[in-house]
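Protein sequence lines, in the order shown, are assigned to chains W and L. First residue of the first sequence? That's 1 in the working numbering, and the numbers climb one at a time after it. First residue of the second sequence? That's 1001 in the working numbering, and the numbers climb one at a time after it.
2 protein chains.
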Amino acid sequence: MISNKMVGLVQNSSVIRAMFEEGKRLASIYGAENVYDFSLGNPSVEPPKEIKEEILNIMNTEDANLVHGYMSNSGYEDVRTAIADSINKRFGTAFLENNIIMTVGAAGGLNVILKTLLNPGDEVITFAPFFGEYRNYVSNFDGELVVVSPNTVDFQPNLSEFETKITKKTKVVIVNTPNNPTGVVYSEATIKGLADIMNRKQKEFGTSIYLISDEPYRELVYDGVKVPYLTKYYNNTIIGYSFSKSLSLPGERIGYLVIPNEVDDYADVAGAANVANRILGFVNAPSLMQRVVARCLDAEVDVASYNRNRELLYNSLSEYGYTCIKPEGAFYLFVKALEEDDKAFAAAAKNYNILIVPGSSFGCPGFCRIAYCVAFETIQRSLPGFKKLAEEYRIGDRS
Amino acid sequence: MISNKMVGLVQNSSVIRAMFEEGKRLASIYGAENVYDFSLGNPSVEPPKEIKEEILNIMNTEDANLVHGYMSNSGYEDVRTAIADSINKRFGTAFLENNIIMTVGAAGGLNVILKTLLNPGDEVITFAPFFGEYRNYVSNFDGELVVVSPNTVDFQPNLSEFETKITKKTKVVIVNTPNNPTGVVYSEATIKGLADIMNRKQKEFGTSIYLISDEPYRELVYDGVKVPYLTKYYNNTIIGYSFSKSLSLPGERIGYLVIPNEVDDYADVAGAANVANRILGFVNAPSLMQRVVARCLDAEVDVASYNRNRELLYNSLSEYGYTCIKPEGAFYLFVKALEEDDKAFAAAAKNYNILIVPGSSFGCPGFCRIAYCVAFETIQRSLPGFKKLAEEYRIGDRS
Chain W
1 MISNKMVGLV QNSSVIRAMF EEGKRLASIY GAENVYDFSL GNPSVEPPKE IKEEILNIMN
61 TEDANLVHGY MSNSGYEDVR TAIADSINKR FGTAFLENNI IMTVGAAGGL NVILKTLLNP
121 GDEVITFAPF FGEYRNYVSN FDGELVVVSP NTVDFQPNLS EFETKITKKT KVVIVNTPNN
181 PTGVVYSEAT IKGLADIMNR KQKEFGTSIY LISDEPYREL VYDGVKVPYL TKYYNNTIIG
241 YSFSKSLSLP GERIGYLVIP NEVDDYADVA GAANVANRIL GFVNAPSLMQ RVVARCLDAE
301 VDVASYNRNR ELLYNSLSEY GYTCIKPEGA FYLFVKALEE DDKAFAAAAK NYNILIVPGS
361 SFGCPGFCRI AYCVAFETIQ RSLPGFKKLA EEYRIGDRS
Chain L
1001 MISNKMVGLV QNSSVIRAMF EEGKRLASIY GAENVYDFSL GNPSVEPPKE IKEEILNIMN
1061 TEDANLVHGY MSNSGYEDVR TAIADSINKR FGTAFLENNI IMTVGAAGGL NVILKTLLNP
1121 GDEVITFAPF FGEYRNYVSN FDGELVVVSP NTVDFQPNLS EFETKITKKT KVVIVNTPNN
1181 PTGVVYSEAT IKGLADIMNR KQKEFGTSIY LISDEPYREL VYDGVKVPYL TKYYNNTIIG
1241 YSFSKSLSLP GERIGYLVIP NEVDDYADVA GAANVANRIL GFVNAPSLMQ RVVARCLDAE
1301 VDVASYNRNR ELLYNSLSEY GYTCIKPEGA FYLFVKALEE DDKAFAAAAK NYNILIVPGS
1361 SFGCPGFCRI AYCVAFETIQ RSLPGFKKLA EEYRIGDRS
């Protein structure tokens, strides 16, 4: 009796759900400490101490009907001003309150802006490997997801293929940097090349092509890498941000959209996004958490912990003979499967109680994603299994 | 550049937004205390003290990564169990954790279940007057909203017209009791009649017709009125609940769906709703608030305050010659406009700085909604204006 669309969506969902169930099954047999679940992007690092402090402060000092009440569908004005000011200070932009829409996480924000922009049949381009949910978000509004194939050398977007895939029907391009699942940060050269192509194609077709930058991992970068702020490179850029990873609050569903004045039809886009936020059923981003994050814009999770995980995992896997690109951001490592079939490789890893996600879930077969947002000890304890797995393939037991 | 669908939605939205802006304009001229804004359903009564207590308790005793982290898309298992237990205790039902899906308010829940059930072109029946957002929620999934015309005698649903409007394409019926905008509670006789018709039509057409009960106002009732629990009257019932009004937390976006085992294709429906919650961009209901409401299931807002408002407003308007049905629940009073055109009547009220919403926004022209979830003093100060407005019509200045 469920809708035809949901039948397909539920079937596609079952791969990851099956992995989750499998993790629970393995834990019940071997003990949770002997199962190495690298499947989920659930932050292991605690929220910064300011989160608790400010929740208590707000509860003790602000009016309860304000803190828990309705506000504009786009969010509290003081919160939006605080966020605009913080972005301006960090990136030299000039946003005001009316450029910010508070959203139910980045997932909510992406749905709001896609509802705002897409007519059925409009094309949305993204670059493999990509966060698999984009396919669902675009499908929610009957858009067509067009995927640019992966560049498996350095995982920067394949810009020459991108150029050939832009058509008159291209309405949106989604980028995600630092990237899930590779941990790669798109370089400034990449961004400039992307913007150049999009500007030329807009002129050629006489269309507006919006660049949506999905950046929940912006603050999680290593070795001082800079993540370009995309509104400065291309006028029709809209930012989707989330505090899920930067403040370890993924369950709270709090993020925002940035819609700059420079985007084509700014007033219509911002006005419609405000309405879309309401009618999609979000109504507004959770109120207490809006007020909390506004007070914690300079707070940071302990990125050094993720970095320690990254170094141990990358160095160990490299030593064991795995091929992987060293992540510059986020908390994912994208490793080359030791056989062509990434699903078979993930299944082989499971024999060592190691749970990793096949790259085909991200449009990039032949690789697997390891989410290293886990306890350091989990990585330490998993290493013998990774080593044996590599040996197994080397001596030809498997491949 | 925005989508065609959004162009229409933004235009339809502008009536209420214009009222909101008008309220701000009037307040800047006459002072906020001299403007009587009855347009919004934003609770004026404080959340019960348990909300603050339990937020502080949770922050001081529970693990931060649990409190703010990801959980199953359907919500924490302990929270869902606590809610099922609470419903069972109150209504003699037998729900378990897997009958409950935590949602981003009732608005989120309705969108989740409509995405789960509707194919394009499926019909959704509701009864005028109705919450105008239903039109948008159904449109989100390309369903067709079919409206049963209002029974303006007692505002119980018009069941004989309902029966004629059910077709093979009817997939969902939405009821909202206590009702927004009338404050009427659908009687047990109404519910039994509704269930009887739906059962017969299911047999006649060989279809499943789901009854969605949208009940954010369940706890706000007066004079000991009972609100029937609809799963007990009709097997294919799904409940959409919100804590927005019962605990004065509308900004927090926290509610749940109840999907009983008895609904047709229970496993598919519950499984798909779990997936829909994720891919619509909600991902999960806000995590801290899930944990808070689970600890506050017996807490209550001060309904007596709303009752005091209700009595003063109803008695005064009746005395001034207005026709209105005495609300049994919620915090709305639906008054007959003093001229045929409810929009003109609302405009006339605005001359006394009284802001009320025309009934045509609820599919019921000729009436206006007064949201009395305001300070008692606001009602007191507004009364001379209501009185003069009635006199104006009586002496023929306006009508």
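For glycine and all other residues, C-beta sits at the position ideal for the given N, C-alpha and C. All figures in this text were calculated on a predicted structure; none of them were measured in a lab.
8 Å Cβ cut-off: residues of chain W touching M1289 of chain L
As a position in the second sequence, residue 1289 of chain L is number 289, starting the count at 1. Chain W residues near M1289 of chain L: P286, L288.
List, in order along the chain, the chain L residues whose C-beta lies closer than 9 Å to that of V104 of chain W?
Numbered from its first residue, the first sequence carries residue 104 of chain W at position 104. Neighbours of V104 of chain W in chain L, taken as residues at a C-beta separation under 9 Å, are given in chain order as V1104, G1108, R1253, G1281, F1282, V1283, P1286.
Rounded to whole angstroms, what's the CA-CA distance from S1003 of chain L to S1072 of chain L? Just pull it up for me.
Against the second sequence, residue 1003 of chain L aligns to sequence position 3. Against the second sequence, residue 1072 of chain L aligns to sequence position 72. Between the alpha carbons of S1003 of chain L and S1072 of chain L lies a distance of about 33 Å.
Start and end residues, beta strand (DSSP E) containing L333 of chain W
Position 333 of the first sequence, counted from the first residue, corresponds to residue 333 of chain W. From DSSP, the beta strand (DSSP E) with L333 of chain W extends over 332 to 336.
Taking the alpha-carbon positions, what's the I1209 of chain L to V1124 of chain L distance?
The residue labelled residue 1209 of chain L in the question sits at position 209 within the second sequence. The residue labelled residue 1124 of chain L in the question sits at position 124 within the second sequence. Near 9 Å, if we compare the C-alpha coordinates of V1124 of chain L and I1209 of chain L.
Is the CB of V1374 of chain L under 7 Å away from at least one CB in chain W?
Numbered from 1 along the second sequence, position 374 holds the residue referred to as residue 1374 of chain L. Output row for V1374 of chain L: interface = no.
Span separating the alpha-carbon of T1323 of chain L from that of F1334 of chain L:
Position 323 of the second sequence holds residue 1323 of chain L. Position 334 of the second sequence holds residue 1334 of chain L. A straight line joining the alpha-carbon of T1323 of chain L with that of F1334 of chain L spans about 9 Å.
Neighbourhood of Y134 of chain W by C-beta, 7 Å cutoff - its chain only, sequence neighbours within 5 removed
Sequence index remark: in the first sequence, residue 134 of chain W carries index 134 (1-based). Excluding positions up to five away in sequence, the list reads T126, L145, I174.
So what does V357 of chain W bridge to, in DSSP terms?
The residue you call residue 357 of chain W lines up with position 357 of the first sequence. Paired residues: W:R369.
Specify, as a first and last residue, the run of the beta strand (DSSP E) that F408 of chain W falls within.
The shown model of chain W, from 1 to 399, leaves out residue 408 of chain W, and the question about it has no answer.
Over the uninterrupted alpha helix (DSSP H) stretch that includes I51 of chain W, give me the two end residues.
Taking the first residue of the first sequence as 1, we reach residue 51 of chain W at position 51. Its alpha helix (DSSP H) spans residues 49 to 61.
Rounded to whole angstroms, how far is the Cβ of I113 of chain W from the Cβ of A273 of chain W, which I believe are closer than 8 Å?
Counted from its first residue, the first sequence places residue 113 of chain W at position 113. Counted from its first residue, the first sequence places residue 273 of chain W at position 273. Confirmed, about 6 Å.
Using CA coordinates, which residue listed in W:P47, W:I29, W:P260 is at the minimum distance from S248 of chain W?
Within the first sequence, the letter at position 248 stands for residue 248 of chain W. Per the Cα distances, W:P47.
Can you check whether the C-beta of N199 of chain W is within less than 7 Å of a C-beta belonging to chain L?
As a working mapping, residue 199 of chain W is identified with position 199 in the first sequence. So no, N199 of chain W is outside the interface.
Could you tell me the alpha carbon to alpha carbon distance between S149 of chain W and S1149 of chain L, rounded to whole angstroms?
The residue labelled residue 149 of chain W in the question sits at position 149 within the first sequence. The residue labelled residue 1149 of chain L in the question sits at position 149 within the second sequence. Taking the straight line joining both Cα atoms gives about 54 Å.
Go to I279 of chain W, then tell me how far its beta strand (DSSP E) extends in each direction, as first and last residue.
One-based indexing of the first sequence puts residue 279 of chain W at position 279. Segment 266 to 279 is the alpha helix (DSSP H) holding I279 of chain W; no beta strand (DSSP E) there.
Measuring CB atoms only, is the region 135 to 142 of chain W touching the region 178 to 193 of chain W, in the sense that at least three cross pairs come out at less than 8 Å?
no
Give the single residue among L:D1298, L:A1375, L:A1294, L:A1299 whose Cα lies nearest to the Cα of S1097 of chain L.
Stepping through the second sequence from its first residue, residue 1097 of chain L is reached at position 97. It is Glu, not Ser, that sits at residue 1097 of chain L in the sequence shown. Nearest C-alpha to E1097 of chain L: L:A1294.
Give a yes or no on whether 7 Å exceeds the smallest Cβ distance from V184 of chain W to chain L.
Position 184 of the first sequence, counted from the start, is the residue given in the question as residue 184 of chain W. V184 of chain W does not count as touching chain L.
Starting from S39 of chain W, trace the alpha helix (DSSP H) both ways and give me its first and last residue.
Looking up residue 39 of chain W in the first sequence gives position 39. Element bounds for S39 of chain W: n/a, residue is neither H nor E.
May I have a chain-ordered list of the beta strand (DSSP E) segments no shorter than 3 residues that lie completely inside the region 1199 to 1271 of chain L?
1210 to 1214, 1237 to 1242, 1255 to 1258
At a CB-CB cut-off below 7 Å, which residues of chain W make contact with N1136 of chain L?
Here residue 1136 of chain L corresponds to residue number 136 of the second sequence, with the count starting at 1. Under the 7 Å cutoff, chain W gives I279.
Sheet register partners of E1144 of chain L (DSSP bridge)
For the purposes of this step, residue 1144 of chain L is taken as the residue at position 144 of the second sequence. As computed with DSSP, E1144 of chain L is found in a beta bridge with L:E1123.
Within this structure, are the beta carbons of A267 of chain W and G75 of chain W separated by less than 7 Å?
In the first sequence, counting from the first residue as 1, residue 267 of chain W sits at position 267. In the first sequence, counting from the first residue as 1, residue 75 of chain W sits at position 75. It is not a contact, given that the beta carbons lie outside the stated cut-off.
With 9 Å as the limit, tell me which residues of the region 1030 to 1046 of chain L have their beta carbon closer than that to any beta carbon of chain W; keep them in chain order.
Those residues of the region 1030 to 1046 of chain L that come within reach of chain W (Cβ to Cβ, closer than 9 Å) are L1040, G1041, N1042, P1043, S1044, V1045, E1046.
Between C364 of chain W and A128 of chain W, is the Cβ-Cβ spacing less than 7 Å?
Indexing the first sequence from 1 puts residue 364 of chain W at position 364. Indexing the first sequence from 1 puts residue 128 of chain W at position 128. Yes, Cβ-Cβ distance for C364 of chain W and A128 of chain W is below 7 Å.
With a Cβ-Cβ cutoff of 7 Å, do L1117 of chain L and V1172 of chain L count as a contact?
Here residue 1117 of chain L corresponds to residue number 117 of the second sequence, with the count starting at 1. Here residue 1172 of chain L corresponds to residue number 172 of the second sequence, with the count starting at 1. For L1117 of chain L and V1172 of chain L, yes; Cβs fall inside 7 Å.
Output yes or no for whether 7 Å exceeds the beta carbon distance between R1310 of chain L and P1327 of chain L.
Position 310 of the second sequence, counted from the first residue, corresponds to residue 1310 of chain L. Position 327 of the second sequence, counted from the first residue, corresponds to residue 1327 of chain L. Taking 7 Å as the Cβ cut-off, R1310 of chain L and P1327 of chain L qualify as a contacting pair.
Within its chain, find whatever has a CB closer than 8 Å to the CB of N1158 of chain L; leave out the 5 residues flanking it on each side and keep chain order.
Looking up residue 1158 of chain L in the second sequence gives position 158. Counting only Cβ-Cβ distances below 8 Å, and skipping sequence neighbours, we find F1127, V1148, S1149, P1150, N1151.
Can we say the region 1052 to 1072 of chain L touches the region 1385 to 1393 of chain L, given the rule of at least three CB pairs closer than 8 Å?
no
Measure from the C-beta of N235 of chain W to each C-beta in chain L and report whether the shortest distance is under 7 Å.
Translated into the one-based positions of the first sequence, residue 235 of chain W becomes position 235. N235 of chain W does not count as touching chain L.
Answer yes or no: do Y1233 of chain L and P1178 of chain L have a C-beta to C-beta separation smaller than 7 Å?
Within the second sequence, the letter at position 233 stands for residue 1233 of chain L. Within the second sequence, the letter at position 178 stands for residue 1178 of chain L. No.
Which residue comes first and which comes last in the beta strand (DSSP E) that contains T1170 of chain L?
Translated into the one-based positions of the second sequence, residue 1170 of chain L becomes position 170. 1170 to 1175 is the span of the beta strand (DSSP E), which, as asked, contains T1170 of chain L.
Figure out for me which residue from W:D196, W:S86, W:G105 has the closest Cα to the Cα of Y1070 of chain L.
Here residue 1070 of chain L refers to the residue found at position 70 of the second sequence. Of W:D196, W:S86, W:G105, the residue nearest in Cα terms is W:G105.
Please compile the residues from chain W whose C-beta is within a distance smaller than 7 Å of the C-beta of A1267 of chain L.
As a working mapping, residue 1267 of chain L is identified with position 267 in the second sequence. Neighbours of A1267 of chain L on chain W: none; closest Cβ ~10 Å, over 7 Å.
If V186 of chain W sits next to T93 of chain W, beta carbons under 8 Å apart, how far is it from one beta carbon to the other, in whole angstroms?
Within the first sequence, the letter at position 186 stands for residue 186 of chain W. Within the first sequence, the letter at position 93 stands for residue 93 of chain W. It is worth fixing the name first, because residue 186 of chain W is Tyr in this sequence and not Val. Actually they are not in contact, since the Cβ atoms of Y186 of chain W and T93 of chain W sit about 19 Å apart, beyond 8 Å.
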